[in-house]
Every structure is written in C-alpha cells, then in structure tokens.
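For the protein sequence lines, the chains are A and B, in the order given. Sequence positions in the first sequence follow our numbering and run 43 to 272. Sequence positions in the second sequence follow our numbering and run 43 to 272. Think of the CB as a built atom: it goes at the ideal place given N, C-alpha and C, for glycine as much as any other residue. Take a look at the structure set out below.
Protein chains: 2
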Amino acid sequence: MTKVTAQLSVSLDGCYTGPRDDTGDWMQGPEAPGFFRVTRWAVDAMAWRERQGFAGGEQSADSEIIAEMFAAAGAYVMGRRMFDAGEVPWGDEPPFHAPVFVVTHRPREVLERQGTSFTFVTEGLERAVELARAAAGGKDVAVAGGGQLVRQVLTAGLLDQLELHIAPVLLGDGQRLFDGGLGLGADDGIELTPTRVVDAPGVTHIRYTVSGRSKLALDDRGASGELVGQ
Amino acid sequence: MTKVTAQLSVSLDGCYTGPRDDTGDWMQGPEAPGFFRVTRWAVDAMAWRERQGFAGGEQSADSEIIAEMFAAAGAYVMGRRMFDAGEVPWGDEPPFHAPVFVVTHRPREVLERQGTSFTFVTEGLERAVELARAAAGGKDVAVAGGGQLVRQVLTAGLLDQLELHIAPVLLGDGQRLFDGGLGLGADDGIELTPTRVVDAPGVTHIRYTVSGRSKLALDDRGASGELVGQ
C-alpha cells in the first residue's frame, strides 16, 4: 500500500542546512557549510557506490539506506525552492528516476528528463500528493524536500513515515525542520512511533511511523511532587 | 578518569519541557504536559522509581540506563531553577545520593540531606564543575540540569559526554536544549561522536562524546551538481 514518506538529514540541533540567505551565490553563502556537513554521510555513501558501479562488494549501512530509499519511491513531491536549486545541476538524468510533482505557484509545462518527469502543481500540496499517489504504481510517495515541505506535509496530516538521519554535529544556527511552526498548543503533540534505528558510525538513522496529533496527558504516573526535575 | 557528563530527555523537536511560564503553578502551566511526555520513559522505569522510593515500574533497557546513570555519577552540578523546583518535593532523601553543586547568585549555607549535600556556588559554572570534580571520587561529574545549564556547560567547552533520550513526539513549542544560543558562526560547528545507541520501544537513547568546536568544511566530496538536494 502506498505510504507518504519523508526523510531528511539533520544536525543534532535539528538543522537541515545553515541559515537561509537568498542574496548571493548559494555555494558561497551561509547555507552551504551546514548542508554539506549534515549530508556528508550520504555523499560519502553515494560516491562509494558510484565507484563500485552499484554492484556487489561490501556495502555500508548508509549505502543500503540510500538504495532502499530510492527503491521504495514510486513518485516524489518536491518544494519549488529545491527544484529551482536542482534543475541545472541535476542535468539530463536527475537522480529520481520517477515522476516528480513540484508544488509551486508558477504554472509550467511538464519537464521530461531521462527517467524523471517534473510536473508543476499549482493547486496546492494535497493535490500534489494526490497526483503522486496515483503515479506511484503502488510504491511510496516520497517527499523529496526541502525541509519546509516536509513540515507542511506533516502538519497537514499527510505524512505516514518520517526518517531522520541525525548527523552528530551542532550547527547553532540554521534552518530547522521543526521550529515551532507546527500549530500545536501546549497541551498538544504529534506522536510518532520509532520503527527502526540504524546506528551507523557517522550518523544515526531513526525511522518513525507518524501516529498523529494527540493531547499530552498530564500524567505523572503517580509520582507527583517527587519528580527529578530537568 | 572523571568525565563531565549530561543527559536530558527531549522531544524529537528538541524540547525538554513545554514553553516557560513563571507566572503560576508549574503543574497547571504550559511546561508540565511537555515535561511529563518527554520524561515518561524514565518515570515508568523501575530504577527511577526505586530511587524515588516508589514501588513498581518496569525492568527494561530504560531502567538499566537510569541505574547506570546514577551509578556513574560521583557528584552533580545543577542549575538554580532546577534546585528551586526540587528542594521541597525531593524531601529528606533526594535521589542523588552524592554531593550536588548548585550554580547560583545567592549565597547559602550547605544544605545536608540524607545521602545528598547541596553546596551553593556563587563563583560561576567553571568553579562549580571544579568543586564537583574534586568531590566525585574518580567517578563522573553529572550535569543534573536544567537544559540551560547543560547548554552552558557545553558551550563553555566543559562537557565530555552528552546522552539524549529522544522521545518520539513533536511538541511544537517548548524550551529547546539547542535554540541557536551556541555562539557559533555559519562556518562553525560543535562535533560529536555517537558512541552508543539504545533503541528502546518508546525512546531512543543516543550517547555522544563531545569532540569540540571545528570549522565546517565546504566539502562536497567532489559530488557538486550531483547531490540529491534537500
């Protein structure tokens, strides 16, 4: 059955890239150092696989996770900013090899590349997910990013599974996946269930099923007044 | 050799309690629901309940982690706000069973309780850590909390080990362990090394060695233009 999934590399303090700055060259700006640090595990794994021709030999846990991620996705949903950043560098054969639905306000013809099509959806996020679901052929709909879109899909209640790749670094400042913009009151939370933890040397992969919103019970397990506070 | 350690229960979005509110009764305020949610794993564990003089609880991986935490600590450093919150409820036999050094601006005589002493240190955090180190008898100095103190110890370069207990919940708003107040530039990070991951059913425990500050290399591993962007 098709699930809507997302995965993102984040620092231990929850940043998926450095601080946003749209004023200059991205590679020279404040976003890049943080981005390359938190995604280093993936770039290393991909480079390794490319060198191996993606066949046989010893594979790292990281490499397997990337292969599994590509294999599970039948279609993608993507934010406009991520598409803009990738359109040129991805070249003639983008890495998705599946239909991609870009959430945008700017209408545009479908862009066909080798193995990947980009369809520009101006009717909103839910419509993009719906189109991706129909195109996924029973496989998963993967939210490709960026972080803003992952957060929107989650808060809209559309996300079934979230996998975080937690890089062991604190960036201090940066764009955070969860920055308080979840629209939750002090008594509300979004509950998840960890379903898989992969403890790789340079990154910890935690996969969650999203259980959904629920009230936070004021439940001290009968220990009221005796708690070791934080 | 004595290490300076800290451990904290946090939500997946990095909060150790709900939003701060000093205006009313803590139990009825916005902090409590988040606090009880992220610490639920500990309150349920047998080792924690034993320390508090409560019966019951579960013997589990979580319980072992708590027992280990208490066993490793030869002395504690604590923030003033945490002490104030705990002084009355901890009663005649606080759960620490070791010397505790409270960082505060208010001088006060040493407070002796059964098995635990509280020494009030007005000469700052470094002095409190120094005193705790001398009192630890070769065991570890544990930063008991709160979150602000953990952050201060970390940014002061005094922390050797950090263990986070990541509860599978998003609180949206709350007091964050890492909220950007780390004093790092966009090119700087604090590097850590994961040394142990315990994948318990309701919480993921990740222990890190703190490696320290370092420059974030703008290193794309030669993959520029081929990245699956975020």
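**OP:** Could you please give the first and the last residue of the uninterrupted beta strand (DSSP E) stretch that includes S256 of chain B?
**Re:** Residue range V245 to K257 is occupied by the beta strand (DSSP E) that includes S256 of chain B.
Subject >> The alpha helix (DSSP H) enclosing V171 of chain B, as first and last residue numbers >> reply: In the DSSP assignment, V171 of chain B falls within the alpha helix (DSSP H) that extends over L167 to A177.
Original post:
If you draw a straight line from the C-alpha of L201 of chain B to the C-alpha of A186 of chain A, how long is it?
Top reply: Each residue's Cα considered, the two are about 36 Å apart.
Subject >> Burial state of P236 of chain B (16 or more Cβ within 10 Å) >> reply: Per the 10 Å Cβ criterion, buried.
**OP:** Could you say which of B:R175, B:P210, B:V144 and B:E233 lies nearest to T197 of chain B if we only look at CA atoms?
**Re:** It is B:E233 whose Cα lies nearest to the Cα of T197 of chain B.
Subject >> Within-9 Å CB hit, A97 of chain A to chain B >> reply: Because the pLDDT at A97 of chain A is just 45, under 50, the model does not fix this residue reliably, and the value given afterwards should be weighed accordingly. With respect to chain B, the C-beta atom of A97 of chain A has no partner C-beta closer than 9 Å.
Original post:
Cβ of G71 of chain B within 9 Å of Cβ of G231 of chain A?
Top reply: No, these two residues do not count as a Cβ contact at 9 Å.
Original post:
A127 of chain A to L258 of chain B, Cα distance in whole Å?
Top reply: Each residue's CA atom was taken as its position, placing A127 of chain A and L258 of chain B some 21 Å apart.
Subject >> Range covered by the alpha helix (DSSP H) that runs through G189 of chain A >> reply: Taken as a continuous stretch (DSSP letters only), the alpha helix (DSSP H) holding G189 of chain A covers G189 to T197.
**OP:** Would you list the residues sitting across from Q217 of chain B in a DSSP beta bridge?
**Re:** Q217 of chain B is bridged to B:T59.
Subject >> Q101 of chain B, DSSP secondary structure in three states >> reply: Q101 of chain B: coil per DSSP, three-state reduction.
Original post:
Within this structure, are the beta carbons of Q170 of chain A and V240 of chain A separated by less than 9 Å?
Top reply: The identity of residue 170 of chain A in the sequence shown is Ala, whereas the question assumes Gln. No, the pair does not count as a contact, with Cβ atoms beyond the cut-off.
Original post:
Can you tell me where the beta strand (DSSP E) with D230 of chain A in it begins and where it stops?
Top reply: Here the beta strand (DSSP E) through D230 of chain A covers D230 to A242.
**OP:** Answer with buried or exposed for L213 of chain B, where buried requires no fewer than 16 other C-beta atoms within 10 angstroms of its C-beta.
**Re:** Sixteen is the threshold: when 16 or more other Cβ atoms of the shown chains lie within 10 Å of the Cβ of L213 of chain B, as they do, the residue is buried.
Original post:
Where does L260 of chain B sit, in a helix, a strand or coil, going by DSSP?
Top reply: If DSSP states are grouped into helix, strand and coil, L260 of chain B belongs with coil.
Original post:
Using 9 Å as the limit for Cβ to Cβ distance, is R30 of chain B near chain A?
Top reply: Outside the modelled stretch of chain B, which goes from 43 to 272, sits residue 30 of chain B, for which no answer is possible.
**OP:** Have a look at A87 of chain A and D64 of chain B and give me their C-alpha separation to the nearest angstrom.
**Re:** Straight-line measurement puts the Cα of D64 of chain B at about 48 Å from the Cα of A87 of chain A.
Original post:
If the cut is a Cβ gap below 8 Å, which residues of chain A does F220 of chain B touch?
Top reply: Neighbours of F220 of chain B across chain A, judged by C-beta separation under 8 Å: L54, D55, G56, L212 and G214.
Original post:
For the region 233 to 258 of chain A, which residues have a CB atom closer than 7 Å to at least one CB atom of chain B, in sequence order?
Top reply: Listed by position along the chain: E233, L234, T235, P236, V239, D241, T246, I248, Y250 and L258.
**OP:** Determine the DSSP secondary structure at E110 of chain A, reduced to helix, strand or coil.
**Re:** DSSP, read as helix, strand or coil, puts E110 of chain A in helix.
**OP:** Could you tell me which chain B residues have their CB closer than 7 Å to the CB of G231 of chain A, listed as they occur along the chain?
**Re:** Listed along the chain, the chain B residues whose CB falls inside 7 Å of the CB of G231 of chain A are R79, V211, L212 and L213.
Subject >> Extent of the continuous beta strand (DSSP E) run through E154 of chain A >> reply: For E154 of chain A, the enclosing beta strand (DSSP E) stretches over residues L153 to R155.
**OP:** Output the boundary residues of the alpha helix (DSSP H) element that contains G76 of chain A.
**Re:** G76 of chain A -> alpha helix (DSSP H) spans E73 to V80.
**OP:** Could you pull the start and end residues of the alpha helix (DSSP H) that E205 of chain A belongs to?
**Re:** Following the DSSP letters along the chain, one finds E205 of chain A in no alpha helix (DSSP H) but inside the beta strand (DSSP E) bounded by residues Q203 to A209.
Original post:
So which residues on chain B does L167 of chain A lean against when the C-beta distance must stay under 9 Å?
Top reply: Under the 9 Å cutoff, chain B gives no residues; its nearest Cβ is about 17 Å from L167 of chain A.
**OP:** Measuring only between beta-carbons, confirm whether G225 of chain B sits less than 9 Å from chain A.
**Re:** So yes, G225 of chain B belongs to the interface.
Subject >> CB contact check: P141 of chain B to chain A, cutoff 9 Å >> reply: Contacts with chain A at 9 Å (Cβ-Cβ) do not include P141 of chain B.
Original post:
Where does V73 of chain B land, buried or exposed, given buried means 16+ other C-beta within 10 angstroms?
Top reply: Correcting the residue type first, residue 73 of chain B is Glu in the shown sequence and not Val. Burial call: buried.
Original post:
For F143 of chain B, is the classification buried or exposed, using 16 other Cβ atoms within 10 angstroms of its Cβ as the cut-off for buried?
Top reply: Looking at its Cβ environment, which holds 16 or more other Cβ atoms inside 10 Å, F143 of chain B is buried.
Original post:
Going by DSSP, which residues form a beta bridge with M120 of chain A?
Top reply: Its beta-bridge partners are A:V144 and A:G187.
**OP:** Inspect the beta-carbon positions of V46 of chain B and Q203 of chain B and report whether they are closer than 9 Å.
**Re:** When the beta-carbon positions are compared, V46 of chain B and Q203 of chain B come within less than 9 Å of each other.
**OP:** Starting from A48 of chain B, find everything on chain A with Cβ-Cβ shorter than 7 Å and list it in chain order.
**Re:** Correct list: empty, because the minimum Cβ distance to chain A is about 11 Å.
Original post:
So which residues of chain A does A174 of chain B contact, with C-beta pairs closer than 9 Å?
Top reply: What A174 of chain B touches in chain A, judged by beta-carbon distance under 9 Å, is nothing: the nearest beta carbon there is about 17 Å away.
**OP:** List the residues of chain A that A103 of chain B touches, going by C-beta distances under 7 Å, in chain order.
**Re:** The contacting residues do not exist; A103 of chain B stays about 12 Å from chain A at best.
Subject >> Closest residue to E151 of chain B among B:T161, B:V145 and B:A103 (Cα-Cα distance) >> reply: The candidate whose alpha carbon is nearest that of E151 of chain B is B:T161.
Subject >> Chain-ordered chain A contacts of G60 of chain B [CB-CB under 9 Å] >> reply: Within 9 Å of the CB of G60 of chain B, the CB atoms of chain A belong to A228, D229 and L258, in sequence order along the chain.
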